[in-house]
Structures are given as structure tokens and as C-alpha cells.
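Novice: Please see the structure below; I have some questions.
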Amino acid sequence: MVAVMLMSVVLIAMLCVAAYTLAVYALPFMLGLSAAQFAYHTGSGLIGAGLVGLVAAGAAFGILALLFDTLRQPILRLIVALIFAAPAAVAGYALVHGITKEAVPSEIWRQIFCIVGGGFVGVSALMRLAAPAHMRAA
178 MVAVMLMSVV LIAMLCVAAY TLAVYALPFM LGLSAAQFAY HTGSGLIGAG LVGLVAAGAA
238 FGILALLFDT LRQPILRLIV ALIFAAPAAV AGYALVHGIT KEAVPSEIWR QIFCIVGGGF
298 VGVSALMRLA APAHMRAA
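Take 178 as the starting number for the sequence shown in the working numbering and just add one per residue.
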């Protein structure tokens, strides 16, 4: 029983590290997935939908990254960073909800854990974007 609990703690820690690392890319991923679903449902086929999704995700990331790097006014940079961080917070909320769905019997505590987890992932994405360019490349 102790081994299972330790394995679950390690799994949760690994998922948190993955969420922290990939949180900045939540918005382009979601936009690419939506574009791919739209293309598939309009008859483009599986390969065409994949290509449309890939192009849409790359374009979204490129445009938002270019905006973030070229804008000099702090309030505009903050708005672009929040556009990146909001879907990351939603993804963090969903990640914690998926992990705690069966483990936490109380709905109130589950929601508290989900909100805190989503907040941490959203803030970590915001902090990664706010880091200087030479720190973001690492």
C-alpha cells in the first residue's frame, strides 16, 4: 500500500513538471486542435486535418510570440502573456481534476485543489513568459 502511494506521488510530481514545461504551449495546441477538428468535420480527411492543425498551431504561436517580443509597452506585453497563460491555467485545472477525481471524495476539497493547481500552472506559464529571452531558451 505504501509503494502505491509513493508511486502516485511520483506520478503527480512528473505530471506537474510536464504541465509546467508545456503550459506555455496550451493556447497554440488548443487552437491547432480546434482547427484540425473543424477541417476534419468539413471533409478534409485525417491527413489534411492534421496539416491544418499543425499550421494553425504554428501560426498562433508565431504571431503571439512575435507580438510578445516586439511590444514595448508593459501593459500590452501583459495582455499577450495573459492570453498565453489563461489556457494554461485551464489545462492545469483539468489536469488536477483528472488526477483527483477518484482520490479526493469531497467535492469542495477537489475544487480547491483544482483551482490552486490551475493557478500554479497559469502563474508558472506567466513567469516563464516574463523571463528574459536568454532564460526562456533553456
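From the three backbone atoms N, C-alpha and C, an ideal C-beta is built for every residue, glycine too.
Small disclaimer: the values here were computed from a predicted structure and weren't measured.
Could you spell out where the alpha helix (DSSP H) holding V273 opens and where it closes?
Specialist: In the sequence shown, residue 273 corresponds to position 96, counting from 1. First-last of the alpha helix (DSSP H) with V273: 251 to 277.
Novice: For S301, is the classification buried or exposed, using 16 other Cβ atoms within 10 angstroms of its Cβ as the cut-off for buried?
Specialist: Here residue 301 is taken as the residue at index 124 of the sequence shown, counted from 1. Classification for S301: buried.
Novice: So, under 8 Å CB-CB, A213 and A268 are touching, yes? Tell me the CB distance rounded to an integer number of Å.
Specialist: Here residue 213 corresponds to residue number 36 of the sequence shown, with the count starting at 1. Here residue 268 corresponds to residue number 91 of the sequence shown, with the count starting at 1. No, A213 and A268 are not in contact; Cβ-Cβ is about 17 Å, not under 8 Å.
Novice: Apart from the five residues on each side of it in sequence, which residues of its chain come closer than 6 Å, Cβ to Cβ, to Y217?
Specialist: As a position in the sequence shown, residue 217 is number 40, starting the count at 1. Taken in chain order, the residues that qualify are A226.
Novice: Measuring alpha carbon to alpha carbon, tell me which residue in T219, G239, G220, S185 is nearest F206.
Specialist: As a first step, residue 206 must be located in the sequence shown, where it is residue number 29. For the residues T219, G239, G220, S185, the minimum Cα distance to F206 belongs to G239.
Novice: Cβ atoms of L208 and A233: under 8 Å apart, would you say?
Specialist: By one-based count along the sequence shown, residue 233 stands at place 56. By one-based count along the sequence shown, residue 208 stands at place 31. Going by C-beta atoms, A233 is nearer than 8 Å to L208.
Novice: Distance check for F290 and I276, CA to CA, integer angstroms please.
Specialist: Position 99 of the sequence shown, counted from the first residue, corresponds to residue 276. Position 113 of the sequence shown, counted from the first residue, corresponds to residue 290. About 10 Å.
Novice: Quick one: grab the DSSP three-state call for L303.
Specialist: Reading the sequence shown from its first residue, position 126 is the one you call residue 303. It is helical.
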